[in-house]
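Start counting the sequence shown at 49; every next residue gets the next number (our numbering).
Structure, as structure tokens:
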Amino acid sequence: NKYRLMSSSKTKYTIILGNYYNDDKDSTKIEKHIKSLIRFTYRKDFPSLIPYNITSDAGWGCMLRSAQSLMCNTLLRHYFGKDWRFPSRYEDIIHNDKYVEILQWFTDYPGPPHFYSIHHLVQCGVKYGKLPGEWFGPSTIALVLRDITEIRRRKYDGQLAIYVTNGDTIYTSDIQRLCINASNNDIPPNSNEISNNSRNDSKDEIDGFHYYDPLYNKPDIIAKEIPKWHCSLMILIPLLLGVNNVNKEYVEEIKCILNHKHCVGIIGGRPNHALYFVGYNSDNQLLGHDPHTVYCNPIISMDCNKNFPTEEHINQVHVNYLQKLDITRLDPSLAIGFYFNNSTEYLEFYDEIVEYNKQLSNNSERLPLFHVSETAPSYMSSSYDFENGMDDSFTGSVKNSFISTSFDKCEELNEDTDNDEE
């Protein structure tokens, strides 16, 4: 059972992103897994968020830091796999070029390669009505992560896309449009269309017009083909599971999700106190990383690979403990994250959710957190531009926002520098 719960057992256990650990027998494995997760926290002394002269996010950036943690751990899984574990020696990790590159993406400086810096999170947040110093909710930060990841995918050859649900339903048709290149021949034909082959085989033809006769055009038996994606996928599902607290019908389902092999965590917490949750334990406590610690921003030289990351920085983002929160105290506003390397993983997940939700329909004490469907109803046409990778409104406020160091600006600066060197 992929949604296995251990509440009936007297054994003390810990669940971390789909991995079950016996507290007595697996203490070393638990510590290694926790140590392998990234934790981002408040920073101070980063370049100011012009024109507000803000150089620290302490007191207001906890959702941004929790989202960075979710995003970075998803990228670690994307590049290194679910079973990657942090090496025991500092010397080993700093010689992992891809790891160092990923860490650079989250350091707080404007412009590439710091794609997920607080500067760019805040910059994209302006589009959704958020200014520096204002607290972000799970829905807003999910859209911000999507937009930045799409920029990186389109302009910097990123291999990951993000789909954010509009409501509590995942629509496969939207996901296929996002993950399959429009020119890809693997896109299955519309089921309502009659194949050209069957038309050409027809016996009746008058003046070039083909009559479709089922007696001469028996349907071909075609094996169901799984369309090939050109990128991997992260799904973010913003949810509101109650008014002041999470409704009791959802409590067990939250634990089930954290026990799923494709789950990459949940961002939520208490009101105005966000955390990044990665698991739970047998005491009915959620386990996660708390960003409410302030560290100085790491110094990055012009040569990003020189003296970064320091051992001090590594020890700040990799810790061997998790914060605990009684699940009954969880704020009902949260966002769930899943990661899929390919279409096969997603379609298996789709079938699992369909079957699981059917089982829940007979249980009056539990409700599904979300649903899956093949296509969205016609009245829910998405404003997301899958071809160009942005909402229709994206070209407005983000491009013209107050931060002068947008991705485009940085590209222009880099080009000017290159020309000067020539």
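We treat Cβ as the ideally placed atom computed from N, Cα and C, and that holds for glycine.
In this text the structure is predicted, and so the values were computed from the model without any measurement.
Please identify the residue among Asn-144, Leu-124 and Gln-116 whose C-alpha is closest to the C-alpha of Leu-169. Position 121 of the sequence shown, counted from the first residue, corresponds to residue 169. Scanning Asn-144, Leu-124 and Gln-116 for the CA closest to the CA of Leu-169 turns up Gln-116.
Compute the Euclidean distance between the alpha carbons of Val-312 and Cys-120, then round it to the nearest angstrom. Looking up residue 312 in the sequence shown gives position 264. Looking up residue 120 in the sequence shown gives position 72. When rounded, the distance between both Cα atoms is 10 Å.
Continuous beta strand (DSSP E) stretch holding Ala-209: start and end: As a position in the sequence shown, residue 209 is number 161, starting the count at 1. First-last of the beta strand (DSSP E) with Ala-209: 208-212.
Work out the CA separation of Lys-372 and Cys-227 for me, nearest whole Å. Here residue 227 refers to the residue found at position 179 of the sequence shown. Here residue 372 refers to the residue found at position 324 of the sequence shown. Those two C-alpha atoms are separated by around 36 Å.
Please classify Thr-155: is it buried, with 16 or more other beta-carbons within 10 angstroms of its beta-carbon, or exposed? Taking the first residue of the sequence shown as 1, we reach residue 155 at position 107. Thr-155 is buried by the Cβ-count criterion.
Name the two residues that bound the continuous beta strand (DSSP E) containing His-310. Here residue 310 corresponds to residue number 262 of the sequence shown, with the count starting at 1. Careful: His-310 lies outside any beta strand (DSSP E) and carries neither H nor E.
Burial state of Gln-407, where buried means 16 or more other Cβ atoms lie within 10 Å: The count along the sequence shown starts at 1 and reaches residue 407 at position 359. Flag for Gln-407 reads exposed.
Nonlocal neighbours in the same chain, by C-beta distance under 8 Å from Glu-241, ignoring five residues either side: As a position in the sequence shown, residue 241 is number 193, starting the count at 1. Its pLDDT being 33, under 50, Glu-241 is placed unreliably in this model, and the value from its coordinates should be taken loosely. Answer for Glu-241: no residue qualifies.
Of all Cβ atoms in chain C, is any one closer than 8 Å to the Cβ of Trp-277? Included in the structure is just one protein chain, with no chain C present.
Compute the Euclidean distance between the alpha carbons of Ile-283 and Tyr-100, then round it to the nearest angstrom. As a first step, residue 283 must be located in the sequence shown, where it is residue number 235. As a first step, residue 100 must be located in the sequence shown, where it is residue number 52. When rounded, the distance between both Cα atoms is 33 Å.
Whole angstroms is fine: what's the gap from Ile-347's alpha carbon to Ser-84's? Your numbering for residue 347 matches position 299 in the sequence shown. Your numbering for residue 84 matches position 36 in the sequence shown. Taking the straight line joining both Cα atoms gives about 23 Å.
What is the DSSP secondary structure of Ile-86, counted as helix, strand or coil? Sequence index remark: in the sequence shown, residue 86 carries index 38 (1-based). Note: Ile-86 maps to coil in three-state DSSP.
Count the C-beta pairs between the segment 360-378 and the segment 161-177 that are closer than 8 Å, then say yes if the count reaches three, no if not. Contact between the segment 360-378 and the segment 161-177 is absent, because fewer than three Cβ pairs lie under 8 Å.
Distance, Lys-175 Cα to Asp-439 Cα: Residue numbering aside, residue 439 sits at position 391 when the sequence shown is read from its first letter. Residue numbering aside, residue 175 sits at position 127 when the sequence shown is read from its first letter. For Asp-439, the pLDDT reaches just 47, beneath the cut-off of 50, and the residue's location in the model is therefore unreliable, although a value from the coordinates is still provided. So the two alpha carbons sit approximately 11 Å from each other.
Exposure label - Ser-381; buried when at least 16 CB within 10 Å: For the purposes of this step, residue 381 is identified with residue 333 of the sequence shown, where counting begins at 1. Ser-381 is buried by the Cβ-count criterion.
First and last residue of the uninterrupted beta strand (DSSP E) at Leu-373: Residue 373 sits at position 325 when you count from the first residue of the sequence shown. Boundaries of the beta strand (DSSP E) harbouring Leu-373: 371-374, taken from the DSSP string.
Just to confirm, is the Cβ distance from Ser-114 to Pro-339 under 8 Å? Taking the sequence shown and counting its residues from 1, the one referred to as residue 114 is at position 66. Taking the sequence shown and counting its residues from 1, the one referred to as residue 339 is at position 291. Yes, the pair counts as a contact, with Cβ atoms nearer than the cut-off.
Presumed contact (8 Å Cβ cut-off) between Tyr-324 and Leu-118, rounded CB distance: As a working note, residue 324 is residue 276 in the sequence shown. As a working note, residue 118 is residue 70 in the sequence shown. 6 Å between Cβ atoms; contact.
Use the C-beta contact count for Met-428: other C-beta atoms within 10 angstroms, 16 or more gives buried, fewer gives exposed. Start at 1 with the first residue of the sequence shown, and residue 428 comes out as number 380. Exposed is the call here.
If Glu-300 sits next to Arg-414, beta carbons under 8 Å apart, how far is it from one beta carbon to the other, in whole angstroms? Locating residue 300 in the sequence shown gives position 252, counting from the first residue. Locating residue 414 in the sequence shown gives position 366, counting from the first residue. About 6 Å separates the beta carbon of Glu-300 from that of Arg-414, a gap short enough to meet the 8 Å contact definition.
Kindly give me the distance between the Cβ atoms of Asn-329 and Thr-76, rounded to whole angstroms, as I take these residues to be in contact under 8 Å. Counted from its first residue, the sequence shown places residue 329 at position 281. Counted from its first residue, the sequence shown places residue 76 at position 28. Incorrect: roughly 17 Å between the Cβ atoms, too far for contact.
Pairwise C-alpha distance: His-419 and Val-291: Position 243 of the sequence shown, counting from 1, holds the residue named residue 291. Position 371 of the sequence shown, counting from 1, holds the residue named residue 419. One Cα belongs to Val-291, the other to His-419, and the distance between them is close to 21 Å.
Report the rounded CA-to-CA distance for Ile-384 versus Lys-73, giving the unit in angstroms. Taking the first residue of the sequence shown as 1, we reach residue 384 at position 336. Taking the first residue of the sequence shown as 1, we reach residue 73 at position 25. Each residue's alpha carbon lies about 30 Å from the other.
If you draw a straight line from the C-alpha of Arg-388 to the C-alpha of Arg-202, how long is it? Numbered from 1 along the sequence shown, position 340 holds the residue referred to as residue 388. Numbered from 1 along the sequence shown, position 154 holds the residue referred to as residue 202. It should be pointed out that residue 388 corresponds to Phe in this sequence rather than to Arg. Straight-line Cα distance between these residues: approximately 19 Å.
So, helix, strand or coil for Ala-115, using DSSP? In the sequence shown, residue 115 corresponds to position 67, counting from 1. In the structure shown, Ala-115 sits in a helix (DSSP, three-state: H, G or I).
Starting from Asn-410, follow the alpha helix (DSSP H) in both directions and report where the run begins and ends. Indexing the sequence shown from 1 puts residue 410 at position 362. Counting along the chain, Asn-410 sits inside no alpha helix (DSSP H), nor does DSSP assign it H or E at all.
Does the separation of the CB atoms of Gly-181 and Ile-102 fall below 8 Å? Here residue 181 refers to the residue found at position 133 when the sequence shown is read from its first residue. Here residue 102 refers to the residue found at position 54 when the sequence shown is read from its first residue. Yes, they are a contact pair.
By the 10 Å Cβ neighbour count, where 16 or more other Cβ atoms means buried, how is Lys-296 classified, buried or exposed? As a working mapping, residue 296 is identified with position 248 in the sequence shown. With fewer than 16 Cβ atoms within 10 Å of its Cβ, Lys-296 is classed as exposed.
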